[in-house]
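Asker:
2 protein chains.
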Amino acid sequence: MVKVNPFYADLLPSYLFRDMGNKAREVKEKNPDAKIISLGIGDVSRHIPNTSIKAMQNALTEMADDSTMRGYPPELGYAFLREAIAKNDYQDFGIDISVDEVFVSDGSKCDVANVQELFAADCVVAIPDPVYPVYRDSNIMAGRKIVYLPCRAENNFMPEMPKEKVDVIYLCSPNNPTGAVASKEQLKAFVDYASKNDALIIFDSAYKEFVRDKSVPKSIYEIAGAKKVAIETRSFSKTAGFTGVRCAYMVVPKELSGLNAMWIRRTSTKFNGVSYIVQKGAEAVFSDEGKKEVAEVISYYLENAKIIKKGLEEIGFKCFGGDNAPYIWADISKTGLSSWGFFEKLLSRAFVICTPGSGFGKCGEGFMRFSALGKREDALEAIMRIKDLKEKGEI
Amino acid sequence: MVKVNPFYADLLPSYLFRDMGNKAREVKEKNPDAKIISLGIGDVSRHIPNTSIKAMQNALTEMADDSTMRGYPPELGYAFLREAIAKNDYQDFGIDISVDEVFVSDGSKCDVANVQELFAADCVVAIPDPVYPVYRDSNIMAGRKIVYLPCRAENNFMPEMPKEKVDVIYLCSPNNPTGAVASKEQLKAFVDYASKNDALIIFDSAYKEFVRDKSVPKSIYEIAGAKKVAIETRSFSKTAGFTGVRCAYMVVPKELSGLNAMWIRRTSTKFNGVSYIVQKGAEAVFSDEGKKEVAEVISYYLENAKIIKKGLEEIGFKCFGGDNAPYIWADISKTGLSSWGFFEKLLSRAFVICTPGSGFGKCGEGFMRFSALGKREDALEAIMRIKDLKEKGEI
Chain A
-2 MVKVNPFYAD LLPSYLFRDM GNKAREVKEK NPDAKIISLG IGDVSRHIPN
48 TSIKAMQNAL TEMADDSTMR GYPPELGYAF LREAIAKNDY QDFGIDISVD
98 EVFVSDGSKC DVANVQELFA ADCVVAIPDP VYPVYRDSNI MAGRKIVYLP
148 CRAENNFMPE MPKEKVDVIY LCSPNNPTGA VASKEQLKAF VDYASKNDAL
198 IIFDSAYKEF VRDKSVPKSI YEIAGAKKVA IETRSFSKTA GFTGVRCAYM
248 VVPKELSGLN AMWIRRTSTK FNGVSYIVQK GAEAVFSDEG KKEVAEVISY
298 YLENAKIIKK GLEEIGFKCF GGDNAPYIWA DISKTGLSSW GFFEKLLSRA
348 FVICTPGSGF GKCGEGFMRF SALGKREDAL EAIMRIKDLK EKGEI
Chain B
-2 MVKVNPFYAD LLPSYLFRDM GNKAREVKEK NPDAKIISLG IGDVSRHIPN
48 TSIKAMQNAL TEMADDSTMR GYPPELGYAF LREAIAKNDY QDFGIDISVD
98 EVFVSDGSKC DVANVQELFA ADCVVAIPDP VYPVYRDSNI MAGRKIVYLP
148 CRAENNFMPE MPKEKVDVIY LCSPNNPTGA VASKEQLKAF VDYASKNDAL
198 IIFDSAYKEF VRDKSVPKSI YEIAGAKKVA IETRSFSKTA GFTGVRCAYM
248 VVPKELSGLN AMWIRRTSTK FNGVSYIVQK GAEAVFSDEG KKEVAEVISY
298 YLENAKIIKK GLEEIGFKCF GGDNAPYIWA DISKTGLSSW GFFEKLLSRA
348 FVICTPGSGF GKCGEGFMRF SALGKREDAL EAIMRIKDLK EKGEI
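In order, the protein sequences belong to chains A and B.
Each residue of the first sequence is one higher than the one before, starting from -2 at the first, in this note's numbering.
Each residue of the second sequence is one higher than the one before, starting from -2 at the first, in this note's numbering.
In structure tokens, the structure reads:
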């Protein structure tokens, strides 16, 4: 056989969500009448905005006629969408990002996984622990050295500053999985580190729409000097519910000498753009009506988060996140159960799924991630069941 | 700044289509009333099938309701589409490809560019000349050694067999840019080479739907033993006109020990699946009505190809391809012009765009690629204008 990439052998077996799914299926088979509620996945439950649906219907009508159909989209994104993003997500907030710094893609997962191709193989990469596993695995596949930045309760789950010189740092705020948000001062410390150490920050702000506290930055470019050291990724998935539609974008400032041009080269060579239909749907999110719809849905999820957090706190778990984020990070260590032990207990005894923190990294042990992106009635019912379990003394 | 991937510096400046666009704009500015006709691009001009439009409209309706909306698609593709592909594109032709060997993506360009990530960095890669540049550039970016397999008229543009041991071979039939098709015997020679040399074939059959000659293979898996040595990529772009919709698939047989599992790992880690809406549109292509619509459109393009080829031959150019492919590869060397010289002459004097063969590699010098994927009236008009130019003695 052909000689394969040797670094795949270094990947951890990463079957977190698959293992969760298998265990849920087992329980379902033994209890066919049970209604299993999932607060485990990070997927959305509310439909996509009507404004986007209408725009996509119109786009489909165009695609059905020779005289109006669209062929290959521009690899970097249609100008109408890049302009809408630059204006509505940056310039309207006083952030100087121009159209040719915005690149449309089919998902933040792809952007976050692909961006490392621009870096040399011997770059040292710093990754928070716990973490969204894509940062880690995409760099393991490329054979890079990784150092972990522990995130602990005493520091409100902000990653510790690297102790050695690193070349690339991944940050995510509002954070998946901890729901923590970085303050301007905390981000500034990372921007300063990057400036001093010739390092680059990959800033994942997929959950920025959940930030309602005005003192919390939604973009790393709110920090002076960040355009010289940071790339930012964002998504329509957790704002407009596009998880099943697929649209995102990445900002690569021109101040990042060379990287802007390299990303254009990478994208032109390896990507053929996002569906015209989808890009029209994404553009509509920025209409007045679209913004209203998105704000309403985000409020719904944030209310879920409040209900889940309050409920878990009443049960006696110390909780983090959930205020400007759709995730609640609950400390379950006092139960004496491991993350996986707690998962199995909740699943088998309350038919409730939540995600074991240890699945996101060693520092996640003793914690559980609860997602607020489900339906209201499920959040209410799940909390009732967990309370019941606590009253029975099972957790 | 961060240390960047050094191999980007080895990329050839690849501005073929951009240069063509710039030159076309210049001519348009000087001749604002001229109607420029393009037989240059490989993009389609006919709308996507009504059956697909209807399926996507229905999918949109589902996405507009909380109770029927779909979130994250499966990374490897929805079962309904993987099954439809395995059945309609393989099993119905007697080719034993199973659902778990089919992986849905957002485009063959991505698949062809991403698949090299599975191979070791020191693999030697063989690439035809002339060639679709993505094979070459994605491997240059990964720092691999490339050997070129010249394709010449005397061999009907089939790549020469590698003279040294190579690890990976890219093949494309029906070919872009030459329109040549490989016979079973020719493919068998490559399968034999790969079997003997522990090499892997990446077989790009994006244009398979244009094959009307029953003796010409549409899939490399028509060759005995190919499942042990070949990956195949295919697209809905040039069959159902999905260039602006984005859907494709890649077959990685389980016989390719390890690669099937590695591709699953790669895709699960770096990709979040294709839009549900798009996958429903792709599935509809396999309905009886969808197949009829596709066959009608392909016949239309093949008739264009016949018209263009006959016209160019009448003018005196020796032509290749165009019979089972949407591209005509015309030998213009007798004009004394280079490919770029011919391009400029045709553009400035006849307002017709075609693609300089040298843009696809050194062996393409003296040839031009004419695309039959445009509209009938444009094909007819373009040929008239080129005839006129010939009569005036300008070419």
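Note that the Cβ used here is the ideal one computed from N, Cα and C, for glycine as well.
Only a predicted model underlies this, so the values are computations on that prediction, with no experimental measurement involved.
Using C-beta distances below 8 Å, list every residue in its chain close to residue 269 of chain A, excluding the 5 sequence neighbours before and after it, in chain order.
Answerer: Counting from one through the first sequence, the residue named residue 269 of chain A turns up at place 272. Within the same chain, residue 269 of chain A has close Cβ partners 69, 70 and 72.
Asker: Taking Cβ positions only, does residue 358 of chain A come closer than 8 Å to chain B?
Answerer: To locate residue 358 of chain A, count along the first sequence from 1; it is residue 361. No, its Cβ sits nowhere closer than 8 Å to a Cβ of chain B.
Asker: Roughly how many whole angstroms lie between the Cα atoms of residue 233 of chain A and residue 101 of chain A?
Answerer: Here residue 233 of chain A is taken as the residue at index 236 of the first sequence, counted from 1. Here residue 101 of chain A is taken as the residue at index 104 of the first sequence, counted from 1. Using only the alpha carbons, I get a separation of about 11 Å.
Asker: Does DSSP put residue 281 of chain A in a helix, a strand or coil?
Answerer: Start at 1 with the first residue of the first sequence, and residue 281 of chain A comes out as number 284. In this structure, residue 281 of chain A counts as helix in the three-state DSSP scheme.
Asker: Applying a beta-carbon distance threshold of less than 7 Å, which residues of chain B neighbour residue 68 of chain A?
Answerer: Taking the first sequence and counting its residues from 1, the one referred to as residue 68 of chain A is at position 71. Residues of chain B passing the Cβ test: 40, 41, 240 and 241.
Asker: On a CA-only basis, which of B/314, B/342 and B/249 is nearest residue 261 of chain B? Give me that one, please.
Answerer: Position 264 of the second sequence, counting from 1, holds the residue named residue 261 of chain B. For residue 261 of chain B, the nearest C-alpha among the options comes from B/249.
Asker: Quick one: does residue 135 of chain A have its CB under 8 Å from some CB of chain B?
Answerer: Walking along the first sequence from the start, residue 135 of chain A turns up at place 138. Interface residue, yes.
Asker: List, in order along the chain, the chain A residues whose C-beta lies closer than 7 Å to that of residue 98 of chain B?
Answerer: Sequence index remark: in the second sequence, residue 98 of chain B carries index 101 (1-based). In chain order: nothing, as chain A lies at least about 16 Å away.
Asker: What separation, rounded to the nearest whole angstrom, lies between the Cα atoms of residue 265 of chain B and residue 272 of chain A?
Answerer: Residue mapping note: residue 265 of chain B aligns to position 268 of the second sequence, counting from 1. Residue mapping note: residue 272 of chain A aligns to position 275 of the first sequence, counting from 1. Approximately 21 Å between the Cα atoms of the pair.
Asker: Since I believe residue 106 of chain B is in contact with residue 224 of chain A (beta carbons under 8 Å), could you give me their beta-carbon distance rounded to a whole number of angstroms?
Answerer: Translated into the one-based positions of the first sequence, residue 224 of chain A becomes position 227. Translated into the one-based positions of the second sequence, residue 106 of chain B becomes position 109. Not confirmed; about 30 Å, so no contact.
Asker: Looking at the C-beta of residue 50 of chain B, does it have a partner C-beta in chain A at a distance below 8 Å?
Answerer: Taking the first residue of the second sequence as 1, we reach residue 50 of chain B at position 53. So, interface residue.
Asker: Provide the residue(s) that pair with residue 318 of chain B in DSSP beta bridges, ordered along the chain.
Answerer: Here residue 318 of chain B is taken as the residue at index 321 of the second sequence, counted from 1. DSSP output for residue 318 of chain B lists B/325 as bridge partner(s).
Asker: Going by alpha carbons, who is nearest to residue 396 of chain A out of A/134, A/21, A/365 and A/155?
Answerer: Only positions -2 to 392 of chain A appear in this structure, which leaves residue 396 of chain A out of reach.
Asker: Do residue 251 of chain B and residue 231 of chain B have their C-beta atoms closer together than 8 Å?
Answerer: Here residue 251 of chain B refers to the residue found at position 254 of the second sequence. Here residue 231 of chain B refers to the residue found at position 234 of the second sequence. In this structure, residue 231 of chain B does not lie closer than 8 Å to residue 251 of chain B by Cβ.
Asker: Under 7 Å between beta-carbons, which chain B residues line up against residue 197 of chain A? List them in chain order, please.
Answerer: Counting from one through the first sequence, the residue named residue 197 of chain A turns up at place 200. Simply -1.
Asker: Between which residues of its own chain and residue 220 of chain B is the CB-CB distance below 6 Å, once the five residues before and five after are set aside?
Answerer: Position 223 of the second sequence, counted from the start, is the residue given in the question as residue 220 of chain B. Counting only Cβ-Cβ distances below 6 Å, and skipping sequence neighbours, we find 184, 185 and 188.
Asker: Just the Cα atoms here: how many angstroms apart are residue 298 of chain A and residue 89 of chain B?
Answerer: In the first sequence, the residue the question calls residue 298 of chain A occupies position 301. In the second sequence, the residue the question calls residue 89 of chain B occupies position 92. So the two alpha carbons sit approximately 47 Å from each other.
Asker: Helix, strand or coil for residue 229 of chain B? Go by DSSP, reduced to three states.
Answerer: What you label residue 229 of chain B is simply residue 232 of the second sequence in a count that begins at 1. If DSSP states are grouped into helix, strand and coil, residue 229 of chain B belongs with the strands.
Asker: Evaluate the contact criterion for the region 345 to 361 of chain A versus the region 134 to 154 of chain A: three or more CB pairs, one atom per stretch, below 8 Å.
Answerer: Yes, the region 345 to 361 of chain A touches the region 134 to 154 of chain A.
Asker: Which of the three DSSP states, helix, strand or coil, is assigned to residue 409 of chain B?
Answerer: A question about residue 409 of chain B goes unanswered here, because the residues of chain B that appear run from -2 up to 392.
Asker: Check whether chain B comes within 8 Å of residue 250 of chain A, counting only Cβ atoms and requiring the distance to be less than that.
Answerer: Position 253 of the first sequence, counted from the first residue, corresponds to residue 250 of chain A. Cβ-Cβ to chain B under 8 Å: no for residue 250 of chain A.
Asker: Evaluate residue 240 of chain B with the Cβ neighbour count: other Cβ atoms within 10 Å of its Cβ, from every protein chain shown; 16 or more gives buried, anything less gives exposed.
Answerer: Numbered from its first residue, the second sequence carries residue 240 of chain B at position 243. Buried: at least 16 other Cβ atoms inside 10 Å.
Asker: Identify the contact partners of residue 164 of chain A in chain B, using a Cβ-Cβ distance below 9 Å as the criterion.
Answerer: In the first sequence, counting from the first residue as 1, residue 164 of chain A sits at position 167. Within 9 Å Cβ-Cβ: -1 and 0.
Asker: Considering only C-alpha positions, which residue in the set B/30, B/5 and B/281 is nearest to residue 82 of chain B?
Answerer: Against the second sequence, residue 82 of chain B aligns to sequence position 85. It is B/281.
Asker: Would you please verify whether the beta carbon of residue 106 of chain B is less than 8 Å from any beta carbon of chain A?
Answerer: Locating residue 106 of chain B in the second sequence gives position 109, where the first residue counts as 1. Taking Cβ atoms only, chain A reaches closer than 8 Å to residue 106 of chain B, which makes this a yes.
Asker: Would you mind sorting residue 29 of chain A into buried or exposed? The rule is 16 or more other CB atoms within 10 Å of its CB.
Answerer: Translated into positions along the first sequence, residue 29 of chain A becomes position 32. When all chains shown are included, residue 29 of chain A counts as exposed.
Asker: Name the residue from B/78, B/392 and B/123 whose alpha carbon lies nearest to the alpha carbon of residue 346 of chain B.
Answerer: Here residue 346 of chain B refers to the residue found at position 349 when the second sequence is read from its first residue. Residue B/392 is the option with its Cα nearest to residue 346 of chain B.
Asker: Strictly under 8 Å for the Cβ-Cβ distance: is residue 380 of chain A near chain B by that measure?
Answerer: For the purposes of this step, residue 380 of chain A is taken as the residue at position 383 of the first sequence. No, its Cβ sits nowhere closer than 8 Å to a Cβ of chain B.
Asker: Would you tell me roughly how many angstroms separate the C-alpha atoms of residue 352 of chain A and residue 193 of chain A, rounded to the nearest one?
Answerer: If you number the first sequence from 1, residue 352 of chain A lands on position 355. If you number the first sequence from 1, residue 193 of chain A lands on position 196. C-alpha separation (whole angstroms): 37 Å.
Asker: 8 Å is my cut-off, CB to CB: does residue 114 of chain B come that close to chain A?
Answerer: As a working note, residue 114 of chain B is residue 117 in the second sequence. Output row for residue 114 of chain B: interface = yes.
Asker: Could you tell me the distance, in whole angstroms, from the CA atom of residue 80 of chain A to the CA atom of residue 325 of chain B?
Answerer: The count along the first sequence starts at 1 and reaches residue 80 of chain A at position 83. The count along the second sequence starts at 1 and reaches residue 325 of chain B at position 328. Answer to the nearest angstrom: the Cα atoms are 38 Å apart.
Asker: Which bits of chain B does residue 8 of chain A rub up against, with CB to CB less than 9 Å?
Answerer: The residue labelled residue 8 of chain A in the question sits at position 11 within the first sequence. Residues of chain B passing the Cβ test: 262 and 266.
Asker: In chain B, what lies closer than 8 Å to residue 17 of chain A by C-beta?
Answerer: Along the first sequence, one-based indexing puts residue 17 of chain A at 20. Simply none; closest approach about 14 Å.
Asker: Would you list, in chain order, the members of the region 52 to 66 of chain A that have their beta-carbon closer than 7 Å to a beta-carbon of chain B?
Answerer: Going along the region 52 to 66 of chain A in chain order, one finds 53, 54, 57, 60, 61, 62, 63 and 66 with a Cβ nearer than 7 Å to chain B.
Asker: Is residue 247 of chain B close to chain A, meaning its C-beta is less than 8 Å from at least one C-beta of that chain?
Answerer: The residue labelled residue 247 of chain B in the question sits at position 250 within the second sequence. Judged by the 8 Å Cβ criterion, residue 247 of chain B is not in contact with chain A.
Asker: In chain A, what lies closer than 8 Å to residue 111 of chain B by C-beta?
Answerer: Against the second sequence, residue 111 of chain B aligns to sequence position 114. Under the 8 Å cutoff, chain A gives 267.
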